[in-house]
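Here the protein sequences line up with chains A and B, keeping their order.
Count along the first sequence from 1, then add 3; that gives the number in the working numbering.
Count along the second sequence from 1, then add 2; that gives the number in the working numbering.
Have a look at the structure below, then the notes.
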Amino acid sequence: EAGVTQFPSHSVIEKGQTVTLRCDPISGHDNLYWYRRVMGKEIKFLLHFVKESKQDESGMPNNRFLAERTGGTYSTLKVQPAELEDSGVYFCASSQVPSENSPLHFGNGTRLTVT
Amino acid sequence: DAKTTQPPSMDCAEGRAANLPCNHSTISGNEYVYWYRQIHSQGPQYIIHGLKNNETNEMASLIITEDRKSSTLILPHATLRDTAVYYCIVRVMGQAGTALIFGKGTTLSVSS
Numbered sequence: 004e005a006g007v008t009q010f011p012s013h014s015v016i017e018k019g020q021t022v023t024l025r026c027d028p029i030s031g032h033d034n035l036y037w038y039r040r041v042m043g044k045e046i047k048f049l050l051h052f053v054k055e056s057k058q059d060e061s062g063m064p065n066n067r068f069l070a071e072r073t074g075g076t077y078s079t080l081k082v083q084p085a086e087l088e089d090s091g092v093y094f095c096a097s098s099q100v101p102s103e104n105s106p107l108h109f110g111n112g113t114r115l116t117v118t
Numbered sequence: 003d004a005k006t007t008q009p010p011s012m013d014c015a016e017g018r019a020a021n022l023p024c025n026h027s028t029i030s031g032n033e034y035v036y037w038y039r040q041i042h043s044q045g046p047q048y049i050i051h052g053l054k055n056n057e058t059n060e061m062a063s064l065i066i067t068e069d070r071k072s073s074t075l076i077l078p079h080a081t082l083r084d085t086a087v088y089y090c091i092v093r094v095m096g097q098a099g100t101a102l103i104f105g106k107g108t109t110l111s112v113s114s
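Structure (structure tokens):
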């Protein structure tokens, strides 16, 4: 089966611009998660969707970040306006429901550089 | 915050077993132990998970102590491609889709 795919793999934008990251989960996976790793720091949880609903968005850093999952399939994460500290690698993961102990499967991430 | 403690780094010779320890002394009865790894520039990769019994799959074995306060991930025959950061994570069961919380992990270096 196809894994979690993320697009683009790399993005370089200027401070103040807008960027939209996309994640396609594994088919049939209702759980979708966003994480990010900024330089030198740990991988941090951002938010969790169950189908199209936000289950937990406690990790979202501020209101410049907007995540959507219309229709409960793919998800987008928009950063507007981007700041220098937003640079890092953004990972998406998915898992099955209702298997409550189903492992998360991660994509290879989008490397975002804000200059 | 992460609820596990791991050594920051370990070395292993190629072909030997790599034994990665993890302390989770505050683990609750409804929490699983998960292991992931991240190879440079890739996304985290699931390895194995368990509750209280030892587990084995094609990648590794997981040994959990009887009191569940610590565990060891065993890569039986480490290769150069096993060089990665290994994360030990506890995750609550009974809550569908609970997110994983990553700590600093252990950087395993396998050398020839």
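Glycine included, each C-beta is placed from N, C-alpha and C at the ideal position.
Note that this is a predicted model, so its numbers are computed, not measured.
- Identification of residues in the stretch 23-52 of chain A having a C-beta nearer than 7 angstroms to some C-beta of chain B yields N34, Y36, E45, I46, F48 and H51, given in sequence order.
- Under the Cβ criterion (8 angstroms, minimum of three pairs), the stretch 4-15 of chain A does not count as touching the stretch 64-83 of chain B.
- Here P46 of chain B is buried. Its C-beta has 16 or more other C-beta atoms within 10 Å.
- Rounded to whole angstroms, the separation of the alpha carbons of Q20 of chain A and I50 of chain B is 40 angstroms.
- Residue contact with chain B for G112 of chain A: present (Cβ-Cβ distance below 7 angstroms to some residue of chain B).
- The beta carbon of F94 of chain A falls within 7 angstroms of a beta carbon belonging to chain B, placing the residue at that interface.
- Scanning the stretch 49-109 of chain B from its first residue to its last, no whole alpha helix (DSSP H) run of 4-plus residues comes out.
- Counted as a single uninterrupted DSSP element, the beta strand (DSSP E) harbouring E71 of chain A occupies residues F68 to E71.
- No Cβ-Cβ contact shorter than 7 angstroms links V41 of chain A with C95 of chain A.
- Straight-line spacing of the CA atoms in N56 of chain B and P10 of chain B works out to 24 angstroms.
- Only those residues of the stretch 16-48 of chain B whose C-beta falls short of 9 angstroms from the nearest C-beta of chain A are listed: Y34, Y36, Y38, Q40, S43, Q44, G45, P46, Q47 and Y48.
- Under DSSP, M12 of chain B takes part in a beta bridge, and its partners are B:L110.
- Residue range K47 to V53 is occupied by the beta strand (DSSP E) that includes L50 of chain A.
- Looking at the backbone, the Cα of K106 of chain B and that of V53 of chain A are separated by about 27 angstroms.
- Distances from the alpha-carbon of N34 of chain A to those of A:S98, A:V22 and A:T118 put A:S98 closest.
- If you compare the alpha carbons of B:S113, B:T100, B:H42 and B:V92 with that of Q8 of chain B, the shortest gap goes to B:V92.
- For V117 of chain A, the beta-bridge partners assigned by DSSP are A:I16.
- The C-beta of P11 of chain A comes no closer than 7 angstroms to any C-beta of chain B.
- In the structure shown, L107 of chain A falls within a coil segment according to DSSP collapsed to helix, strand and coil.
- Straight-line spacing of the CA atoms in N65 of chain A and N21 of chain B works out to 40 angstroms.
- Across the structure, F68 of chain A and E33 of chain B are spaced so that their CA atoms are roughly 31 angstroms apart.
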